[in-house]
Amino acid sequence: MKASTFQTLIVGSLCLAVSGLSGGLYNQYQRVTELENANAQRLQTLDTLQRDSSTLMDAQEKLQYALKDLKQMVDTGEQQANTLDPMLDQWAQEIQELRDGLADRATEADMIALRARLEHVEQQLLDIKTQPPLPPPTPSSAKPNKAARAKPVPLSPPFSMLGVESRGGERFLAVSPPDSRSLTDIRLLHNGEQLGTWQLKALEPNAAIFTVPTQPDQTVQLP
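See the structure below:
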């Protein structure tokens, strides 16, 4: 074999070897590039997962704080309820007591009747004040009968008697100052109570009996 022919075979073999090696290297390069791209995608996916995980952790932390605040609100609401329940019971009891007290007091009809009676008494007092004075007694009537026993002169009470009022089955004598025309000055006297030096001893159907110091019992007719 000629030397030129052998050299040509050697060069051809080397070219084939280099071509095969270059193809293999290129394939390895593409494989490495694909692996790098896949790794980059995995890293990007990992970063996205990490961000999502951080967001979830933040949301979980906020939810825990919200649950803690809600529990505190519930505990506070229970404490307020425990405090308000006795207060509501007390208020309900006080309202019921007020209702019972109002039921025991005089009704509006009683006040209207009492006002009408007072106006009637005031008119009677005005009529009495406007009447002319009585004429002086004649000498014959002015002479006392020495044989007859002297009778005590009845006293006039230092107040005006308006009538008798009933409260809870008890009878009270309604009185007021002589010159008063105000309802606020009216006073109800029960047996044993007194106004000034006059003490109410008893209430009869048509009269009131008073005890006055140093005087006999005074009987005053009711209006």
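Here the working numbering is used: the first residue of the sequence shown is -19, the next is one more, and so on.
Cβ coordinates follow ideal geometry from the N, Cα and C atoms, glycine included.
Predicted model, so just to flag it, every value in this text is computed and none were measured.
Residues that DSSP places opposite E150 in a beta bridge:
R147
Output the distance between the C-alpha atoms of R97 and L142, rounded to the nearest integer angstrom.
8 Å
Assuming L183 and R151 are in contact, meaning their beta carbons sit under 8 Å apart, how far apart are those beta carbons, in whole angstroms?
5 Å
Three-state secondary structure (DSSP) of I(-10)
helix
To which residues of the same chain is D165 closer than 6 Å at the C-beta, ignoring the five residues directly before and after it?
S156 and P157
Roughly how many whole angstroms lie between the Cα atoms of Q30 and R22?
12 Å
Just mark L163 as buried or exposed, buried being the case when its beta carbon has 16 or more other beta carbons within 10 Å.
exposed
Distance between V133 and S120 (C-alpha atoms, nearest Å)
Residue confidence is low: S120 scores 49 on pLDDT, short of 50, so the model does not pin down where it sits. No coordinate-derived value is stated.
Between the alpha carbons of S(-1) and G(-8), how many angstroms are there, rounded?
10 Å
For Q201, the first and last residue of its enclosing beta strand (DSSP E):
Q198 to Q201
Taking the continuous beta strand (DSSP E) assigned at Q195, which residues delimit it?
Neither: Q195 is in no beta strand (DSSP E) and is coded neither H nor E.
Hey, could you find the ends of the beta strand (DSSP E) L163 is sitting in?
No beta strand (DSSP E) holds L163; DSSP gives it neither H nor E.
Given E145 as reference, the closest of Q70, A188 and L15 once Cα atoms are compared:
A188
Please list, in chain order, all residues of the same chain as F139 whose beta carbon is under 8 Å from its beta carbon, the five residues on each side excluded.
V155, S156, P157, P158, L175, G176 and W178
Nearest to V200 (by Cα), restricted to the options V101, W71, S136 and G57:
S136
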